[in-house]
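>
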Amino acid sequence: MVKITNNSYKEIKSHYDDVLNKDRDAFKSSNDEPTPISCVEEMIKRIPVKFWKRPLEDLKILDPVCGNGNFHSVIYNKLIRSKFSPLNILENILYFNDIDINRTTMINSIYEANKYNLNVTTENYLEYNESQQFDLIVANPPYAKLLPNGKRASKNHNLIKPFLEKSLKLLKPNGYLLFLTPDNWMSYADRNTLIKKLTSLQLLYLNIHTAKKYFKKVGSSFTWYLIKNAPGKRNFIVEGIRKGIIYKSKVKSEVRKYIPLVYNDVIQSILHKTLDNDMLPKFKVETSSDLHKYSNKHLISTEQDDEHPYKLIHTPKQIVYASRPHKYQEGYKVFISTTSYYSAMVDNCGMTQNLAFIRCGDDICKAHNIRDVLKHPLYKFLNDICRWGNFNNPRILQSFPICDDVESVWKKFNISKKEQDYINNFNI
Numbered sequence: 001m002v003k004i005t006n007n008s009y010k011e012i013k014s015h016y017d018d019v020l021n022k023d024r025d026a027f028k029s030s031n032d033e034p035t036p037i038s039c040v041e042e043m044i045k046r047i048p049v050k051f052w053k054r055p056l057e058d059l060k061i062l063d064p065v066c067g068n069g070n071f072h073s074v075i076y077n078k079l080i081r082s083k084f085s086p087l088n089i090l091e092n093i094l095y096f097n098d099i100d101i102n103r104t105t106m107i108n109s110i111y112e113a114n115k116y117n118l119n120v121t122t123e124n125y126l127e128y129n130e131s132q133q134f135d136l137i138v139a140n141p142p143y144a145k146l147l148p149n150g151k152r153a154s155k156n157h158n159l160i161k162p163f164l165e166k167s168l169k170l171l172k173p174n175g176y177l178l179f180l181t182p183d184n185w186m187s188y189a190d191r192n193t194l195i196k197k198l199t200s201l202q203l204l205y206l207n208i209h210t211a212k213k214y215f216k217k218v219g220s221s222f223t224w225y226l227i228k229n230a231p232g233k234r235n236f237i238v239e240g241i242r243k244g245i246i247y248k249s250k251v252k253s254e255v256r257k258y259i260p261l262v263y264n265d266v267i268q269s270i271l272h273k274t275l276d277n278d279m280l281p282k283f284k285v286e287t288s289s290d291l292h293k294y295s296n297k298h299l300i301s302t303e304q305d306d307e308h309p310y311k312l313i314h315t316p317k318q319i320v321y322a323s324r325p326h327k328y329q330e331g332y333k334v335f336i337s338t339t340s341y342y343s344a345m346v347d348n349c350g351m352t353q354n355l356a357f358i359r360c361g362d363d364i365c366k367a368h369n370i371r372d373v374l375k376h377p378l379y380k381f382l383n384d385i386c387r388w389g390n391f392n393n394p395r396i397l398q399s400f401p402i403c404d405d406v407e408s409v410w411k412k413f414n415i416s417k418k419e420q421d422y423i424n425n426f427n428i
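Mapped onto UniProt numbering, the consecutive letters of the sequence shown carry residue numbers 1 to 428.
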């Protein structure tokens, strides 16, 4: 077994990556996904150099779900190189917490509890004592909330939000938060109030999806970010990947309701002119579960017959039929699927829960005009940069600004030639 003060950093890194991270027998749930040391190194490098020069009393660093101590192994090496002694690092700076006693036993071994008075706890982090405040909190928190039977709760009940909220309560003013999480925290949803709080603070760095290279066998798409617990005033760096190409940009700090999955200064400018402009009238995009295909399956058939005469669109490629009319059965509508790739189509029928729609009454010409406008590259682009979870987001669709003429879209929203070129190249 390696020892933090005896083995070289190279030996310690190898032990984590090649032994501990691969020990599947130690994994108790789908939440047990250790962070590769190279990923930790990439993250730690983003912390400002001046942080490591703080006096001892301003260096309290917590990993609230420390596992085997992956993050702190890199931080320990950083602190040693900053001329702190092993004693001060292990007894005064580093704090470990994990509810898994097997993991904290491993911590005590690697970080030498037989020689040092380590700060190791086994508490439920959401109940962690808030009297202790920290200068840096680092984590790859568990995603899924586990039920008593060991099964995962629904995606709407994950642990990312409560972990972030708890960490903000434990963070000192001007302290730093360094987290690796799936990208759902950036999505536009009524229940997602955390995004406004996080973007009100000083984001220093946001990485969108390049960490996937470290978690190739995991289905989630990852982000990681460094946030300073201070009001956001300065530009920050966004780095991401799209279609295998890395991009990097600086964007303005601002309070946001969402962050798109591709984000740079050009996109920020386009959003200010369209989705984010509350002065513009928006299309009245609706959704309805009146004839939900699954909760009302007793009313729905894949075949049209005397008992099921009412046509419903389920997806752009799938039609089903109901035994009663949808409450919006009559009248022309422009339909946009929320579960498949972006498209707009016109019909005068009902729909299942999978379709968003704009009602146009008996005016088929109005419906066709709206459809043509929504097929414009601008609207497709706005939708596609915001497909969290690979779904078209109803709140984004409801933020689409109205334009009456497909030929006037660029001019209507003052989209520059540079921005037009970016959108057209993006949609290829």
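A virtual CB, placed ideally from N, CA and C, is assigned to each residue, including glycine. This one's a predicted model, so the numbers in the text were calculated from it and none came from an experiment.
What did DSSP end up calling glutamine 329 once you bin it into helix, strand or coil?
coil
> May I ask you to report which of helix, strand or coil DSSP gives aspartate 283?
The question names aspartate, yet the displayed sequence has phenylalanine at residue 283. If DSSP states are grouped into helix, strand and coil, phenylalanine 283 belongs with coil.
> Would you say valine 138 faces chain D, with C-beta separation under 8 Å as the test?
In the structure shown, chain D cannot be found, because there is only a single protein chain.
> Do you know whose CA, among Asn390, Ser399, Trp388, Asn124, lies nearest leucine 374's CA?
Ser399
> Roughly how many angstroms lie between the CA atoms of glycine 67 and tyrosine 294, to the nearest whole one?
40 Å
> Out of Asn97, Leu59, Phe71, Leu271, point me to the one whose CA is closest to serine 82's CA.
Leu59
> Closer than 6 Å by C-beta to proline 64: which residues in its own chain qualify, once you throw out the five before and the five after it? Chain order, please.
Within the same chain, proline 64 has close Cβ partners Asn97, Tyr125, Ala139.
> Report the start-end ranges of each alpha helix (DSSP H) in the segment 192-273 that is 4 residues or longer and not cut off at the edges.
194-200, 265-273
> Apart from the five residues just before and just after histidine 292, which ones in its own chain have a Cβ nearer than 6 Å to its Cβ?
Gln353
> Can you tell me whether DSSP reads arginine 371 as helix, strand or coil?
Helix at arginine 371.
> Mapping the DSSP letters down to three states, classify phenylalanine 335 as helix, strand or coil.
strand
> Compute the Euclidean distance between the alpha carbons of aspartate 265 and proline 309, then round it to the nearest angstrom.
51 Å
> Return the chain-ordered list of same chain residues with a C-beta closer than 6 Å to the C-beta of arginine 46, the five sequence neighbours on each side being excluded.
Non-local C-beta neighbours of arginine 46 in its own chain, meaning closer than 6 Å and more than five positions away in sequence, comprise Tyr205, Leu226, ordered along the chain.
> Expressed to the nearest angstrom, what Euclidean distance is found between the alpha-carbon atoms of histidine 298 and lysine 233?
55 Å
> Please state whether DSSP places residue 440 in a helix, a strand or coil.
Residue 440 lies beyond the range of the chain shown here (1 to 428); nothing can be said about it.
> Between threonine 181 and isoleucine 160, is the Cβ-Cβ spacing less than 8 Å?
yes
> Does the segment 244-253 come within contact of the segment 357-366, defined as at least 3 CB pairs closer than 8 Å?
No: the two stretches stay apart, fewer than three of their Cβ pairs being nearer than 8 Å.
> Under a Cβ-count criterion, where at least 16 other Cβ atoms within 10 Å of its own Cβ denotes burial, should proline 401 be classed as buried or exposed?
buried
> In chain order, what residues of the same chain have a beta carbon less than 8 Å from the beta carbon of histidine 368, not counting five sequence neighbours either side?
Beyond the five residues adjoining it in sequence on each side, histidine 368 comes within less than 8 Å, by CB distance, of Val346 in the same chain, given in chain order.
> Just to confirm my understanding: we take asparagine 393, look at its own chain, exclude 5 residues before and 5 after, and list those with CB closer than 6 Å. What are they?
Tyr188, Cys386
> Three-state secondary structure (DSSP) at leucine 177?
strand
> Give the DSSP bridge partners of serine 301, in chain order.
Tyr321
> To which residues of the same chain is asparagine 119 closer than 8 Å at the C-beta, ignoring the five residues directly before and after it?
Cβ within range, chain order: Glu91, Leu94, Tyr95, Phe96.
> By the DSSP assignment, the alpha helix (DSSP H) with aspartate 17 in it spans what residues?
For aspartate 17, the enclosing alpha helix (DSSP H) starts and ends at 9-18.
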